[in-house]
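Asks:
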Amino acid sequence: MIPRPAHCLWLMDEYRMLPNIRAHSLVVARIAEFLALAMRSQGVTIDIELTVAAALMHDIAKSLCLESECNHALLGRDICLEHEMNEVAPLVAQHVVLSVDSFPLTPISAKEIVYYADKRVNHDQIVPLEERLIYILDRYGNGDPALHVLIRDNFERCLAIEQEIFQGLAFGPQELSEWLGDFCPSWQEVVPLDWSRPVGSRAEICQ
500 MIPRPAHCLW LMDEYRMLPN IRAHSLVVAR IAEFLALAMR SQGVTIDIEL TVAAALMHDI
560 AKSLCLESEC NHALLGRDIC LEHEMNEVAP LVAQHVVLSV DSFPLTPISA KEIVYYADKR
620 VNHDQIVPLE ERLIYILDRY GNGDPALHVL IRDNFERCLA IEQEIFQGLA FGPQELSEWL
680 GDFCPSWQEV VPLDWSRPVG SRAEICQ
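Using my numbering, the first residue of the sequence shown is number 500, and each one after it goes up by one.
What follows is the structure, encoded as C-alpha coordinates:
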(Lines of atoms letter the chains of each structure in order from A and count residues from 1; the text may use other names and numbers.)
(Lines give C-alpha, C1' and ligand atoms only; values in the text may rest on other atoms or scores of the structure.)
Protein backbone atom coordinates (compact mmCIF):
# COMPACT_ATOMS: atom_id res chain seq x y z
CA MET A 1 0.00 0.00 0.00
CA ILE A 2 1.12 3.53 -0.77
CA PRO A 3 -0.38 5.74 1.96
CA ARG A 4 -2.05 9.03 1.27
CA PRO A 5 -0.20 12.09 2.60
CA ALA A 6 -2.83 12.64 5.31
CA HIS A 7 -2.13 9.16 6.65
CA CYS A 8 1.61 9.86 6.70
CA LEU A 9 1.03 13.06 8.67
CA TRP A 10 -1.21 11.19 11.11
CA LEU A 11 1.57 8.65 11.66
CA MET A 12 3.99 11.48 12.41
CA ASP A 13 1.81 12.28 15.41
CA GLU A 14 1.32 8.62 16.33
CA TYR A 15 5.07 8.07 16.48
CA ARG A 16 5.72 11.31 18.38
CA MET A 17 7.78 12.97 15.67
CA LEU A 18 9.45 16.06 17.08
CA PRO A 19 8.50 19.38 15.44
CA ASN A 20 11.98 19.98 14.02
CA ILE A 21 12.11 16.51 12.44
CA ARG A 22 8.60 16.98 11.11
CA ALA A 23 9.67 20.29 9.57
CA HIS A 24 12.66 18.59 7.95
CA SER A 25 10.41 15.86 6.55
CA LEU A 26 8.01 18.36 5.01
CA VAL A 27 10.82 20.19 3.22
CA VAL A 28 12.30 16.90 1.98
CA ALA A 29 8.88 15.86 0.67
CA ARG A 30 8.40 19.19 -1.08
CA ILE A 31 11.77 18.88 -2.85
CA ALA A 32 11.17 15.23 -3.70
CA GLU A 33 7.79 15.91 -5.29
CA PHE A 34 9.14 18.90 -7.21
CA LEU A 35 12.08 16.93 -8.62
CA ALA A 36 9.89 13.93 -9.44
CA LEU A 37 7.48 16.14 -11.38
CA ALA A 38 10.35 17.92 -13.13
CA MET A 39 11.86 14.61 -14.22
CA ARG A 40 8.51 13.25 -15.33
CA SER A 41 8.00 16.34 -17.48
CA GLN A 42 11.19 15.28 -19.29
CA GLY A 43 9.80 11.83 -20.01
CA VAL A 44 11.26 9.95 -17.04
CA THR A 45 8.87 7.47 -15.45
CA ILE A 46 8.60 8.37 -11.76
CA ASP A 47 5.94 7.21 -9.29
CA ILE A 48 4.90 10.54 -7.76
CA GLU A 49 2.65 9.06 -5.05
CA LEU A 50 5.40 6.71 -3.90
CA THR A 51 7.95 9.52 -3.92
CA VAL A 52 5.78 11.75 -1.74
CA ALA A 53 4.81 8.98 0.69
CA ALA A 54 8.39 7.79 1.16
CA ALA A 55 9.66 11.34 1.61
CA LEU A 56 7.05 12.08 4.26
CA MET A 57 7.76 8.77 6.01
CA HIS A 58 11.55 8.70 5.72
CA ASP A 59 12.21 9.89 9.29
CA ILE A 60 9.15 8.33 10.92
CA ALA A 61 11.36 6.57 13.48
CA LYS A 62 13.91 9.36 14.01
CA SER A 63 12.39 10.74 17.22
CA LEU A 64 12.07 7.25 18.70
CA CYS A 65 15.71 6.50 17.93
CA LEU A 66 16.89 9.70 19.60
CA GLU A 67 15.67 8.07 22.80
CA SER A 68 17.10 4.59 22.21
CA GLU A 69 19.95 5.07 19.68
CA CYS A 70 18.42 2.55 17.28
CA ASN A 71 18.85 2.61 13.51
CA HIS A 72 16.04 4.93 12.47
CA ALA A 73 16.10 3.88 8.81
CA LEU A 74 15.61 0.20 9.67
CA LEU A 75 13.05 0.89 12.38
CA GLY A 76 11.26 3.17 9.93
CA ARG A 77 11.17 0.32 7.44
CA ASP A 78 9.67 -1.94 10.09
CA ILE A 79 7.03 0.66 10.94
CA CYS A 80 6.09 0.88 7.26
CA LEU A 81 5.80 -2.90 7.03
CA GLU A 82 3.70 -2.98 10.19
CA HIS A 83 1.28 -0.61 8.49
CA GLU A 84 1.35 -2.64 5.25
CA MET A 85 3.24 0.05 3.34
CA ASN A 86 5.32 -2.56 1.55
CA GLU A 87 6.19 -0.30 -1.39
CA VAL A 88 7.39 2.48 0.90
CA ALA A 89 9.42 0.34 3.33
CA PRO A 90 12.52 -0.26 1.16
CA LEU A 91 12.79 3.43 0.31
CA VAL A 92 12.69 4.38 3.98
CA ALA A 93 15.27 1.68 4.74
CA GLN A 94 17.71 3.16 2.22
CA HIS A 95 17.19 6.89 2.70
CA VAL A 96 20.38 7.22 4.78
CA VAL A 97 22.71 4.89 2.90
CA LEU A 98 21.80 3.73 -0.57
CA SER A 99 22.61 0.12 -1.32
CA VAL A 100 25.68 -0.43 -3.46
CA ASP A 101 23.45 -2.72 -5.52
CA SER A 102 22.05 0.49 -7.02
CA PHE A 103 25.40 1.19 -8.70
CA PRO A 104 26.18 1.57 -11.49
CA LEU A 105 23.06 3.66 -11.62
CA THR A 106 19.88 2.28 -13.06
CA PRO A 107 17.26 4.83 -14.19
CA ILE A 108 16.42 7.26 -11.39
CA SER A 109 13.40 6.19 -9.37
CA ALA A 110 11.51 7.38 -6.28
CA LYS A 111 14.16 5.70 -4.11
CA GLU A 112 17.01 7.83 -5.43
CA ILE A 113 14.95 11.02 -5.36
CA VAL A 114 14.02 10.59 -1.69
CA TYR A 115 17.60 9.68 -0.81
CA TYR A 116 18.88 12.77 -2.63
CA ALA A 117 16.23 15.17 -1.30
CA ASP A 118 17.07 14.17 2.27
CA LYS A 119 20.73 15.02 1.67
CA ARG A 120 19.81 18.49 0.43
CA VAL A 121 18.01 19.52 3.62
CA ASN A 122 19.87 20.47 6.79
CA HIS A 123 17.24 20.78 9.51
CA ASP A 124 14.60 22.66 7.45
CA GLN A 125 16.94 24.57 5.14
CA ILE A 126 17.93 23.64 1.59
CA VAL A 127 21.71 23.43 1.37
CA PRO A 128 24.31 22.17 -1.14
CA LEU A 129 25.50 18.59 -0.70
CA GLU A 130 28.91 19.85 0.43
CA GLU A 131 27.37 21.75 3.35
CA ARG A 132 25.23 18.80 4.35
CA LEU A 133 28.31 16.56 4.26
CA ILE A 134 30.16 18.85 6.66
CA TYR A 135 27.21 18.73 9.05
CA ILE A 136 26.94 14.92 8.87
CA LEU A 137 30.66 14.46 9.47
CA ASP A 138 30.52 16.76 12.49
CA ARG A 139 27.25 15.38 13.89
CA TYR A 140 27.68 11.66 13.25
CA GLY A 141 31.35 11.11 12.40
CA ASN A 142 32.43 10.82 16.06
CA GLY A 143 35.99 11.70 15.06
CA ASP A 144 36.34 8.20 13.61
CA PRO A 145 38.43 8.24 10.39
CA ALA A 146 36.94 4.95 9.16
CA LEU A 147 33.42 6.27 9.68
CA HIS A 148 34.35 9.48 7.88
CA VAL A 149 35.43 7.41 4.87
CA LEU A 150 32.07 5.61 4.81
CA ILE A 151 30.17 8.90 5.07
CA ARG A 152 32.21 10.45 2.25
CA ASP A 153 31.69 7.36 0.08
CA ASN A 154 27.96 7.66 0.65
CA PHE A 155 28.03 11.29 -0.44
CA GLU A 156 30.02 10.37 -3.55
CA ARG A 157 27.08 8.16 -4.51
CA CYS A 158 24.76 11.05 -3.81
CA LEU A 159 26.80 13.30 -6.11
CA ALA A 160 26.47 10.71 -8.87
CA ILE A 161 22.71 10.65 -8.32
CA GLU A 162 22.62 14.45 -8.38
CA GLN A 163 24.24 14.42 -11.82
CA GLU A 164 21.72 11.87 -13.07
CA ILE A 165 18.75 13.82 -11.72
CA PHE A 166 19.74 17.20 -13.14
CA GLN A 167 21.26 16.19 -16.47
CA GLY A 168 17.93 16.51 -18.28
CA LEU A 169 16.49 19.43 -16.32
CA ALA A 170 16.54 23.12 -17.19
CA PHE A 171 18.27 24.04 -13.93
CA GLY A 172 21.22 22.79 -11.92
CA PRO A 173 21.47 21.64 -8.30
CA GLN A 174 22.73 25.05 -7.17
CA GLU A 175 19.50 26.59 -8.53
CA LEU A 176 17.14 24.22 -6.75
CA SER A 177 15.94 26.73 -4.15
CA GLU A 178 15.27 29.36 -6.82
CA TRP A 179 13.33 26.99 -9.07
CA LEU A 180 11.41 25.53 -6.15
CA GLY A 181 10.13 29.06 -5.72
CA ASP A 182 6.41 29.13 -5.05
CA PHE A 183 5.89 25.42 -5.73
CA CYS A 184 3.11 24.17 -3.48
CA PRO A 185 3.08 20.41 -2.93
CA SER A 186 -0.01 18.37 -3.68
CA TRP A 187 -0.43 17.55 0.01
CA GLN A 188 -0.31 21.12 1.38
CA GLU A 189 -4.04 21.21 2.16
CA VAL A 190 -3.82 18.31 4.62
CA VAL A 191 -1.10 19.85 6.78
CA PRO A 192 -2.62 20.87 10.13
CA LEU A 193 -2.66 24.62 10.57
CA ASP A 194 -1.25 24.33 14.10
CA TRP A 195 1.99 22.85 12.77
CA SER A 196 3.46 26.31 12.97
CA ARG A 197 7.13 25.72 13.77
CA PRO A 198 9.32 25.87 11.84
CA VAL A 199 7.39 24.80 8.73
CA GLY A 200 3.79 24.39 9.59
CA SER A 201 1.18 26.56 7.96
CA ARG A 202 0.25 26.05 4.35
CA ALA A 203 1.56 29.52 3.54
CA GLU A 204 4.95 28.75 5.11
CA ILE A 205 5.34 25.53 3.15
CA CYS A 206 4.79 27.40 -0.11
CA GLN A 207 6.75 30.53 0.68
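All C-beta atoms in this analysis are idealised placements derived from N, C-alpha and C, irrespective of residue type, glycine included.
Please go through the same chain and pick out, in chain order, the residues whose beta-carbon is closer than 7 Å to the beta-carbon of residue 533, but skip the five residues on each side of it.
Replies: Indexing the sequence shown from 1 puts residue 533 at position 34. 679 and 682.
Asks: By DSSP, does residue 621 sit in helix, in strand, or in coil?
Replies: Counting from 1 along the sequence shown, the entry for residue 621 is found at position 122. Residue 621: strand per DSSP, three-state reduction.
Asks: Along the alpha helix (DSSP H) that carries residue 535, what are the first and last residues, could you check?
Replies: Reading the sequence shown from its first residue, position 36 is the one you call residue 535. First-last of the alpha helix (DSSP H) with residue 535: 518-540.
Asks: Give a yes or no on whether the C-beta atoms belonging to residue 625 and residue 619 are separated by under 8 Å.
Replies: Your numbering for residue 625 matches position 126 in the sequence shown. Your numbering for residue 619 matches position 120 in the sequence shown. Yes. Within cutoff.
Asks: From the DSSP output, in three-state form, read off residue 669 for me.
Replies: Counted from its first residue, the sequence shown places residue 669 at position 170. Correct three-state label for residue 669: coil.
Asks: Taking buried to mean at least 16 other C-beta atoms within 10 Å of its own C-beta, is residue 550 buried or exposed?
Replies: Looking up residue 550 in the sequence shown gives position 51. Classification of residue 550: buried, given that the 10 Å Cβ count is 16 or more.
Asks: Assuming residue 690 and residue 623 form a contact by the criterion Cβ under 8 Å, report the distance between their Cβ atoms to the nearest whole angstrom.
Replies: Numbered from 1 along the sequence shown, position 191 holds the residue referred to as residue 690. Numbered from 1 along the sequence shown, position 124 holds the residue referred to as residue 623. Their Cβ separation, rounded to whole angstroms, is 14 Å, which puts residue 690 and residue 623 out of contact at 8 Å.
Asks: Helix or strand or just coil, what does DSSP make of residue 505?
Replies: By one-based count along the sequence shown, residue 505 stands at place 6. In this structure, residue 505 counts as helix in the three-state DSSP scheme.
Asks: When the Cα atoms are used, what is the spatial distance from residue 562 to residue 515?
Replies: Here residue 562 refers to the residue found at position 63 when the sequence shown is read from its first residue. Here residue 515 refers to the residue found at position 16 when the sequence shown is read from its first residue. If you take the alpha carbons of residue 562 and residue 515, they lie about 7 Å apart.
Asks: Relative to the alpha-carbon of residue 530, which residue among 507, 541 and 555 has its alpha-carbon at the smallest distance?
Replies: Within the sequence shown, numbered from 1, the residue matching residue 530 stands at position 31. If we check each option's Cα against that of residue 530, 555 comes out closest.
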